[in-house]
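Novice: From first to last, the protein sequence lines are chains W and Y. Just so we're aligned: the first sequence equals residues 29 to 142 in my numbering. Just so we're aligned: the second sequence equals residues 39 to 147 in my numbering.
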Amino acid sequence: DAGITQSPRHKVTETGTPVTLRCHQTENHRYMYWYRQDPGHGLRLIHYSYGVKDTDKGEVSDGYSVSRSKTEDFLLTLESATSSQTSVYFCAISAREGLNSEQFFGPGTRLTVL
Amino acid sequence: KQEVTQIPAALSVPEGENLVLNCSFTDSAIYNLQWFRQDPGKGLTSLLLIQSSQREQTSGRLNASLDKSSGRSTLYIAASQPGDSATYLCAVRAQKLVFGQGTRLTINP
């Protein structure tokens with residue numbers, strides 16, 4: 029298994045509170061991604077990083093911010109959580125983009141916003 | 039915009055059968071295609087990666103094919119086992135990875 033951990037694995041929070049999810053990798057891969065998975069929508073990209081302090085938006089980035097201060101850590105922050113952000117969040121890593129760009133996924137964080 | 043479709047959404051077969059899962063995509067300008075397995079409540083496990091220049095990849099009882107010109111890929115599972123029960127996802131890589139909705143496979147003992 030790729031060395032990816034996510035914390036917390038489960039979280040219940042209330043609307044309006046800030047939430048930070050952490051992804052940690054031991055593979056020293058350059059690229060890191062945050063996805064959310066919802067019934068009927070599949071997996072959708074929220075944000076990604078192509079290096080330390082280098083991040084960009086994905087398909088569903090509104091309401092989310094990210095930070096990457098170290099190669100191994102990629103943080104996803106919900107500044108003010110809403111019920112529509114109840115989802116399962118997956119972190120993924122890749123050694124490269126384009127050709128040979130196999131992605132490996134973490135175990136996921138189940139977030140419930142009440 | 040790239041769209042990825044997996045049909046059927048669910049499939050149930052008896053143990054021992056060979057089976058094929060289908061994946062189609064609308065834009066053939068891809069770098070590669072990746073098949074994943076997802077068990078309930080778990081993350082995604084990468085099964086096979088096929089580069090755009092390749093026609094197929096094999097891993098154990100799994101064989102994935104790619105026909106880029108027609109926008110299709112298949113995942114062939116030989117001699118299915120109850121442990122193969124899971125949701126299988128395909129994803130194509132162009133600018134980013136775009137996922138299908140998956141096929142939920144049940145292998146009945």
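We treat Cβ as the ideally placed atom computed from N, Cα and C, and that holds for glycine.
What is the DSSP secondary structure of Y:Asp122, counted as helix, strand or coil?
Specialist: Counted from its first residue, the second sequence places residue 122 of chain Y at position 84. In this structure, Y:Asp122 counts as helix in the three-state DSSP scheme.
Novice: Going straight from the alpha carbon of Y:Gly138 to that of W:Thr45, what length do you get?
Specialist: The residue labelled residue 138 of chain Y in the question sits at position 100 within the second sequence. The residue labelled residue 45 of chain W in the question sits at position 17 within the first sequence. Y:Gly138 and W:Thr45: Cα-Cα distance of roughly 32 Å.
Novice: Pull up the distance between the alpha-carbon of W:Arg50 and that of W:Phe133, whole angstroms please.
Specialist: In the first sequence, the residue the question calls residue 50 of chain W occupies position 22. In the first sequence, the residue the question calls residue 133 of chain W occupies position 105. C-alpha separation (whole angstroms): 13 Å.
Novice: Do Y:Thr125 and Y:Thr141 have their CB atoms nearer than 8 Å?
Specialist: Position 87 of the second sequence, counted from the start, is the residue given in the question as residue 125 of chain Y. Position 103 of the second sequence, counted from the start, is the residue given in the question as residue 141 of chain Y. Closer than 8 Å, so yes.
Novice: For W:Gln53, which of helix, strand or coil comes out of DSSP?
Specialist: To locate residue 53 of chain W, count along the first sequence from 1; it is residue 25. Correct three-state label for W:Gln53: strand.
Novice: Beta strand (DSSP E) containing W:Glu87: first to last residue?
Specialist: Along the first sequence, read from residue 1 onward, the residue named residue 87 of chain W stands at position 59. Per DSSP, W:Glu87 belongs to no beta strand (DSSP E) and is neither H nor E.
Novice: So for W:Gln131, helix, strand or coil by DSSP?
Specialist: The sequence position of residue 131 of chain W within the first sequence is 103, counting from 1. The answer is strand: DSSP assigns W:Gln131 an E or B state.
Novice: Using a C-beta to C-beta distance shorter than 8 Å, which residues of chain W count as neighbours of Y:Arg142?
Specialist: One-based indexing of the second sequence puts residue 142 of chain Y at position 104. In chain order: nothing, as chain W lies at least about 12 Å away.
Novice: Distance, Cα to Cα, W:Asp66 vs W:Val40?
Specialist: Against the first sequence, residue 66 of chain W aligns to sequence position 38. Against the first sequence, residue 40 of chain W aligns to sequence position 12. Straight-line measurement puts the Cα of W:Val40 at about 17 Å from the Cα of W:Asp66.
Novice: Any chance you could list the alpha helix (DSSP H) runs of at least 4 consecutive residues sitting entirely within the region 63-104 of chain W, in chain order?
Specialist: Whole alpha helix (DSSP H) segments, 4+ residues: zero.
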